[in-house]
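Going by my numbering, 316 is the number at position 115 of the sequence shown; the sequence numbering is gapless. Have a look at the structure below before the remarks.
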Amino acid sequence: MKVLKRLLIRAVLAAIVLLLSWFFYKRDEQQQSSPSVRTYDDYVQICANVLDDYTSQLSAYQEGKKMVGGTDWDELTAKIRLEAGINCGYAASRQTSEDLTDQRTKVYDFAYSTAMALETRILALENPELAEILNAASEKFEDQAETNYDSFSDQVKKR
Numbered sequence: 202m203k204v205l206k207r208l209l210i211r212a213v214l215a216a217i218v219l220l221l222s223w224f225f226y227k228r229d230e231q232q233q234s235s236p237s238v239r240t241y242d243d244y245v246q247i248c249a250n251v252l253d254d255y256t257s258q259l260s261a262y263q264e265g266k267k268m269v270g271g272t273d274w275d276e277l278t279a280k281i282r283l284e285a286g287i288n289c290g291y292a293a294s295r296q297t298s299e300d301l302t303d304q305r306t307k308v309y310d311f312a313y314s315t316a317m318a319l320e321t322r323i324l325a326l327e328n329p330e331l332a333e334i335l336n337a338a339s340e341k342f343e344d345q346a347e348t349n350y351d352s353f354s355d356q357v358k359k360r
C-alpha cells in the first residue's frame, strides 16, 4: 500500500511539473511571436504622431490655462523630449526602410523638424521675452515637418 501511495504521489508531481513546463513554454512562445518589436516605419509614424499629440497639450500653457514651471510642466516637457528624442531621433539616425530609401533626406528633415518644432515651442513658453521669435521658429519647423511627411507618408507602413 505504501509503495502504491508513493508511486501515485510521484505520478501526480510529475504531471504537475509537466503541466507547468508546458504552460510556460506556450506562454514564452506566444510572447516571442507577438509583434512587440517596432519597425523603422513604426518609429516614423510615432514621430509624426508626437507633434500632433503634444502640440494640443502645450496649447493649454500657451492660453494661460496652466502655469509653466510646475510639476505638471516638468513631467510633460520631460515626456515630450523623451518621446520625440527616441522616436524622431531613431527615424533620423537609422537606415530607412526599403520603401523609404529614395526619401531618406526628407525623412531626416521631417524627424529633425518635428523635434525642433516641439523644442522651440517649449522654449517659447519658458522664455516669454523670446516667445514671438521662438513661436515663429516653431511654426516654421512644424510646417517643414508636415510638408516632408506628406511627401512620403503614403509609403510608411502602418500597423
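For every residue, glycine included, the Cβ atom is placed at its ideal position computed from N, Cα and C. Computed from a predicted model, the values in this text were never measured in an experiment.
- Counting only residues of its own chain and dropping the five nearest sequence neighbours on each side, ILE287 has no CB closer than 7 Å to any other CB.
- In the three-state reduction of the DSSP assignment, LYS203 falls in the helix class.
- Assigned with DSSP and collapsed to three states, THR297 falls in coil, not helix or strand.
- Residue state for MET317 is assigned as helix, using DSSP reduced to three classes.
- Membership of SER339 in the alpha helix (DSSP H) is indicated by the continuous run 332-353.
- Contact annotation: the region 257-270 touches the region 317-326, with at least three C-beta pairs closer than 8 Å.
- ASP275 sits exposed, since fewer than 16 C-beta atoms from the chains shown fall within 10 Å of its C-beta.
- Comparing C-alpha distances from LEU301 to each of ALA285, PHE225, SER352, MET202 shows the shortest one belongs to SER352.
- A residue is called buried once 16 or more other Cβ atoms fall within 10 Å of its Cβ, and ARG322 is buried on that count.
- With contacts defined by Cβ atoms closer than 8 Å, ALA285 and VAL251 form a contacting pair.
- Under the three-state reduction of DSSP output, ASN250 falls in the helix class.
- With a contact defined as Cβ atoms closer than 8 Å, SER314 and ALA346 qualify at about 4 Å.
- Taking each of TYR350, TYR291, TYR309, TYR262 in turn and checking the Cα distance to ALA332, the smallest one comes out for TYR262.
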